[in-house]
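Student: Numbering (the working numbering), first residue to last: 8 to 246. My questions will all concern the structure given below.
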C-alpha cells in the first residue's frame with residue numbers, strides 16, 4: 008500500500024489539472040502497485056526451498072538458528088564465527104541459498120536432494136565454510152563464514168541430503184560439507200563473552216540427531232508459471 012499511497016498523495020499534481028491527467032496518474036500508480044504485489048506471494052504456497060531464497064535454518068535437536076556476525080574466532084582459522092542462537096528475530100540468522108561457482112542455480116528453481124549449494128550470510132556476504140581446523144569448544148571440525156561479497160572457494164560448498172527429489176520446507180535435512188564429508192551439527196556447547204550463550208556450530212563425520220536442520224522464516228523464491236527461466240516471484244513468511 009505504501010507505493011499506492013505515495014502516488015496518490017503526489018503534491019506535484021495541481022488540483023486544477025483534474026480529469027484525464029489525474030486519471031492517468033492514478034492508473035499508472037495502480038499499475039505499479041499491482042505489479043509489485045503480483046511479484047510476491049504472501050503465505051506458504053510453495054512447499055520446497057528454491058535457489059535465491061533467503062532463509063533461517065533451525066537445528067531441530069537444539070532449537071537454535073544458524074547464525075553469524077562480524078566476530079572472529081580467537082583460535083583455529085581466525086575466520087568469522089558461526090553459531091546457533093535461540094532468538095527468532097535476529098537478522099544475522101538469514102542465509103541466501105545459492106549455486107556453486109561451477110554450477111549455477113537459477114532463481115526460483117527447487118533445490119534438489121544431493122545438490123551442492125552455497126549458503127551466504129546475508130549481512131556480511133560471507134559463505135558457510137568448513138576445513139580441518141578444530142572447533143573452539145568441542146574440537147570437532149570448525150565451521151566459519153569465509154569470503155567477500157559471496158565469493159570464497161571450494162570449501163564453501165555443501166551437499167543437501169534429504170529423502171525425496173527436492174528439499175521440502177517442512178523436512179528435516181542435513182548439510183554435508185562437500186570437501187570433507189562432515190555434517191553441519193550442533194551438540195550444545197555454549198560460548199562465553201563476547202557471544203554469551205550462543206551455541207557452537209561445527210561439522211562432524213558421523214550422522215546423528217544433532218545434524219538435522221529445517222528451513223524456517225524467510226523469503227522463498229517462486230518458480231515461474233510462464234517459463235523455466237522467469238524467476239521473478241517469491242513467497243514470504245514472517246521475517
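Where is the CB? At the ideal position from N, CA and C, for every residue including glycine. Computed from a prediction, not measured in an experiment: that's the story for all the values here.
Taking 8 Å as the cut-off, decide whether the C-beta atoms of residue 62 and residue 91 are in contact.
Tutor: Translated into the one-based positions of the chain shown, residue 62 becomes position 55. Translated into the one-based positions of the chain shown, residue 91 becomes position 84. Result no, Cβ atoms of residue 62 and residue 91 do not sit closer than 8 Å.
Student: In chain order, what are the residue ranges of uninterrupted beta strand (DSSP E) at least 3 long that sit wholly in the stretch 68-138?
Tutor: With a minimum length of 3 residues, the continuous beta strand (DSSP E) runs that stay inside the stretch 68-138 are 71-79, 87-92, 102-105 and 123-128.
Student: What's the C-alpha gap between residue 228 and residue 124?
Tutor: Numbered from its first residue, the chain shown carries residue 228 at position 221. Numbered from its first residue, the chain shown carries residue 124 at position 117. C-alpha separation (whole angstroms): 16 Å.
Student: In this structure, does DSSP put residue 142 in helix, strand or coil?
Tutor: The residue you call residue 142 lines up with position 135 of the chain shown. Note: residue 142 maps to coil in three-state DSSP.
Student: Whole-angstrom Cβ separation of residue 103 and residue 138, contact assumed at under 8 Å?
Tutor: As a working note, residue 103 is residue 96 in the chain shown. As a working note, residue 138 is residue 131 in the chain shown. Actually they do not touch by this definition, with Cβ atoms about 21 Å apart.
Student: What does the alpha-carbon distance come out to for the pair residue 170 and residue 117?
Tutor: The sequence position of residue 170 within the chain shown is 163, counting from 1. The sequence position of residue 117 within the chain shown is 110, counting from 1. Near 14 Å, if we compare the C-alpha coordinates of residue 117 and residue 170.
Student: Using 8 Å as the Cβ pair cut-off and three pairs as the minimum, do the stretch 167-181 and the stretch 126-135 touch?
Tutor: Judged by Cβ distances under 8 Å, the stretch 167-181 makes no contact with the stretch 126-135, as fewer than three pairs qualify.
Student: When DSSP labels each residue in this structure, what does residue 218 get in the three-state scheme?
Tutor: Here the question's residue 218 lines up with position 211 in the chain shown. Residue state, collapsed to three classes: helix.
Student: Nearest to residue 188 by alpha carbon, out of 205, 69, 218 and 199?
Tutor: Residue 188 sits at position 181 when you count from the first residue of the chain shown. Comparing Cα-Cα distances from residue 188 to each of 205, 69, 218 and 199, the minimum goes to 218.
Student: Report the rounded CA-to-CA distance for residue 57 versus residue 140, giving the unit in angstroms.
Tutor: Within the chain shown, numbered from 1, the residue matching residue 57 stands at position 50. Within the chain shown, numbered from 1, the residue matching residue 140 stands at position 133. About 31 Å.
Student: If I'm right that residue 164 touches residue 107 with Cβ under 8 Å, what's the distance once you round it to whole angstroms?
Tutor: Within the chain shown, the letter at position 157 stands for residue 164. Within the chain shown, the letter at position 100 stands for residue 107. Residue 164 to residue 107, Cβ: 5 Å. Contact.
Student: Among 78, 96, 154 and 160, which residue has its Cα nearest to the Cα of residue 203?
Tutor: Position 196 of the chain shown, counting from 1, holds the residue named residue 203. Here the closest residue by C-alpha is 78.
Student: Would you mind sorting residue 110 into buried or exposed? The rule is 16 or more other CB atoms within 10 Å of its CB.
Tutor: The sequence position of residue 110 within the chain shown is 103, counting from 1. Label assigned to residue 110: exposed.
Student: Among 162, 53 and 192, which one has its Cα closest to the Cα of residue 214?
Tutor: Position 207 of the chain shown, counted from the first residue, corresponds to residue 214. Selected option, being the one with the closest Cα: 192.
Student: Starting from residue 184, follow the beta strand (DSSP E) in both directions and report where the run begins and ends.
Tutor: By 1-based counting over the chain shown, the position of residue 184 is 177. It spans 181-184 - the beta strand (DSSP E) in which residue 184 sits, taken as one unbroken run.
Student: Going by CA-CA distance only, name the one from 69, 81, 68 and 186 that's closest to residue 199.
Tutor: By one-based count along the chain shown, residue 199 stands at place 192. Among 69, 81, 68 and 186, the Cα nearest to that of residue 199 is on 81.
Student: Roughly how many angstroms separate the alpha carbons of residue 43 and residue 143, rounded to a whole number?
Tutor: Counting from one through the chain shown, the residue named residue 43 turns up at place 36. Counting from one through the chain shown, the residue named residue 143 turns up at place 136. In this prediction, residue 43 scores a pLDDT of 35, lower than 50, which makes its location untrustworthy; the coordinate-derived value is nonetheless stated afterwards. Distance between the alpha carbons of residue 43 and residue 143 is about 46 Å.
Student: Whole angstroms are fine: how far does the CA of residue 151 sit from the CA of residue 230?
Tutor: For this step, residue 230 is matched to residue 223 along the chain shown. For this step, residue 151 is matched to residue 144 along the chain shown. Distance between the alpha carbons of residue 230 and residue 151: 31 Å.
Student: Could you please give me the residues that DSSP links to residue 224 through a beta bridge?
Tutor: One-based indexing of the chain shown puts residue 224 at position 217. Per DSSP, none; premise fails for residue 224.
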